[in-house]
Amino acid sequence: MTLPPQTPAQAAQALYAILPHAMTQAALEEYGIDAAPEQAQQITRELLSVNLYWVQSALQMVLTKTASERVLLALREHLRSVWETDLGLNGQDVQGYFEEAEERRHTYDLIVQEGGAPVAVFTECAGILESAWALRAEDRSKALALFIDLVPVDEIGEVLEGSDLGKT
């Protein structure tokens, strides 16, 4: 059994390890989604945004505000370091992405506050991709399957269980 993370950097590494990385055209084809490289990058960004939303929600539920912010900062720093390699987001503005992800977080948060389940958030993600021309309307259900498979909501909470980072 793996020991629970004891530092923000360890927590960030453990969280990153369970998150999906670059969505390649081949990986998307496994879900029946035909995407150009630019569309695959947009899907990667949206998948990362929704994963960061669930990470931030779990951090806020389990840890103090200060500890939560430290873990999130460490995770963002790690994401910056792997932006072009693991995430395959060459040529994409990382700072602009984090601003976009924060906007998404507010959108997703409203859905959850109104009683929406994770699938409602995933439906919003698919809609965002469709409106950005990264996903065809007929592929919406395929994108939902992708989000359900690749957003480890339960595992995110499990990573933080037992950590000594500053409980709420």
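Per the working numbering, the very first residue in the sequence shown carries number 1; after that it's consecutive.
Virtual Cβ for every residue (Gly too), placed ideally from N, Cα, C.
Residues near residue i by beta carbon distance below 6 Å, same chain, minus five either side
| i | result |
| --- | --- |
| Val50 | Cys125, Val151 |
Residue interval of the alpha helix (DSSP H) (run including residue i)
| i | result |
| --- | --- |
| Leu52 | 37 to 62 |
| His106 | 94 to 113 |
| Pro118 | 118 to 131 |
| Ser141 | 140 to 150 |
| Gly157 | 153 to 160 |
Exposure of residue i, with buried meaning 16 or more beta-carbon neighbours within 10 Å
| i | result |
| --- | --- |
| Pro37 | exposed |
| Gln42 | buried |
| Ala17 | exposed |
| Trp133 | exposed |
| Ile128 | buried |
| Ala40 | buried |
| Gln6 | exposed |
Under the three-state DSSP convention, the category residue i falls into
| i | result |
| --- | --- |
| Ala74 | helix |
| Leu89 | coil |
| Leu135 | coil |
| Thr66 | helix |
Proximal residues to residue i (C-beta, below 8 Å), its chain only, five neighbours per side dropped
| i | result |
| --- | --- |
| Arg76 | Phe98 |
Near the ligand ATP: residue i beta-carbon under 6 Å from a heavy atom
| i | result |
| --- | --- |
| Ala117 | No copy of the ligand ATP occurs in the structure displayed, which carries no ligand at all. |
Neighbourhood of residue i by C-beta distance below 7 Å, restricted to the same chain and skipping five residues each side
| i | result |
| --- | --- |
| Val153 | Trp54, Pro118 |
For this session: Would you check if there are 3 or more beta carbon pairs closer than 8 Å linking the stretch 22 to 33 to the stretch 83 to 99?
Result: yes
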